[in-house]
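A short worksheet on the structure shown next.
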Amino acid sequence: MDEIREIADKYGLFIIEDACQAQGAVYKGKMAGSLGDIGCLSFYPGKVMTTGEGGALLVNDEELGRKIRMIRTHGQIKGYDSVILGGNFRMPEINAAIGLVQLRKLPNFLEKRGKNAKLLMELLEESNVILSKVPEYSIHNWYLFTIRLKNEKERNYLKEKLLKEGIQATVYYPTPIHKLPYYKSIGYGNLNLPNSELASKTVLSLPVHPLVREEDIERMSKIILSSIN
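Heads up: take any position in the sequence shown, counting from 1, add 21, and you land on the working numbering.
Shown next, in the form of structure tokens:
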């Protein structure tokens, strides 16, 4: 992010920060969503907090905020006075009400995720899986607890083993963006992105959300250790 900010400042560019999965995470003392000029959050049901659907934009600039609010409501300032092109992107009140309650619960959600992740990290420390490394200057929100296996075959085997045991292990991004049909059709399919392709074949995400209990974590770790060690 530091390098991106340096380039943006040099050339007078805005940074639109994708923080859709990062509510509660911290980078060098700053909350995720506040690192760019606009921070984008998602409140889809599977995220750290939810409004049922929808999201939010975070800004720290009065003029930018004014323009975004206009775009949100048909380009209007007060009503029936559209001065710029806009749409209808307003969040319904019932969704916002859910979000306000969720926001109050967010610290507890993050604490529970953190405890689950810490325990799972400790239990898998001596295993053959590759674990995430969290830099000292960052705080992880543990939206996903993602491990890496040595190859695609091992990853898929472990995934199926966990699913058979009722554990929702998931491969969220089995196809890199540049390999999706649309991006291939416009010339990105031949890009040399070996790390993206390796990750798509070897990573697996494990559940650590607030409803996961300590005994669930212990059982999950035993299955992993017995399956690949």
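Backbone N, C-alpha and C define an ideal beta-carbon position, used for all residues, glycine too.
Note that this is a predicted model, so its numbers are computed, not measured.
Give the DSSP-derived three-state secondary structure of residue i in the structure shown.
i, result
"Tyr7", "In this structure the chain extends from 22 to 250, so residue 7 is not present and cannot be described."
"Val229", "coil"
If you drop the 5 nearest sequence neighbours on each side, which residues of the same chain put their C-beta closer than 7 Å to that of residue i?
i, result
"Pro195", "Ser221"
"Gly75", "Phe64, Met112, Asn116"
"Ile25", "Ile36"
"Ile98", "Met91, Val104"
Could you tell me which of the options sits nearest to residue i, measuring between CA atoms?
i, options, result
"Thr71", "Ala53, Ala117, Met52", "Ala117"
"Pro155", "Arg93, Gly135, Leu184", "In the sequence as displayed, the identity of residue 155 is Val instead of Pro. Ranking the options by Cα distance to Val155, first place goes to Gly135."
"Ser148", "Gln44, Leu34, Gln42, Ser248", "Ser248"
"Ile92", "Gly210, Ile151, Gly107", "Gly107"
"Asn81", "Cys61, Gly45, Thr191", "Cys61"
"Val150", "Asp23, Glu38, Leu246", "Leu246"
"Leu184", "Asn129, Lys133, Arg240", "Arg240"
"Leu219", "Glu186, Arg176, His95", "Arg176"
Keeping to the same chain, check which residues put their C-beta closer than 8 Å to that of residue i; ignore five residues upstream and five downstream.
i, result
"Lys205", "His199"
"Thr167", "Ser153, Val224, Leu225, Ser226, Leu227"
"Asn129", "Pro231"
"Asn250", "Ser148, Asn149"
"Lys126", "Met70"
"Ile119", "Thr71, Thr72, Gly73"
"Leu212", "His199"
Answer yes or no: do residue i and residue j have a C-beta to C-beta separation smaller than 8 Å?
i, j, result
"Ile244", "Leu141", "no"
"Ala43", "Asn162", "yes"
"Pro197", "Leu214", "yes"
"Gly54", "Leu79", "yes"
"Leu144", "Ser242", "yes"
"Tyr193", "Val69", "no"
"Ile59", "Glu83", "no"
"Pro66", "Gly73", "yes"
"Leu174", "Ala190", "The amino acid at residue 174 is misidentified as Leu; the sequence shows Lys. No, these two residues do not count as a Cβ contact at 8 Å."
"Ala46", "Ile188", "no"
"Val233", "Asn137", "yes"
Can you name, in chain order, every residue of its own chain whose Cβ lies under 6 Å from the Cβ of residue i, other than the five neighbours on each side?
i, result
"Tyr209", "His199"
Q) Going along the chain, which unbroken runs of the alpha helix (DSSP H) with 4 or more residues stay wholly within the segment 135-202? A) 173-185
Q. Could you give the uninterrupted runs of the beta strand (DSSP E) lying entirely in the segment 26-114, keeping only those of 3 residues or more?
A. 37-39, 59-63, 76-80
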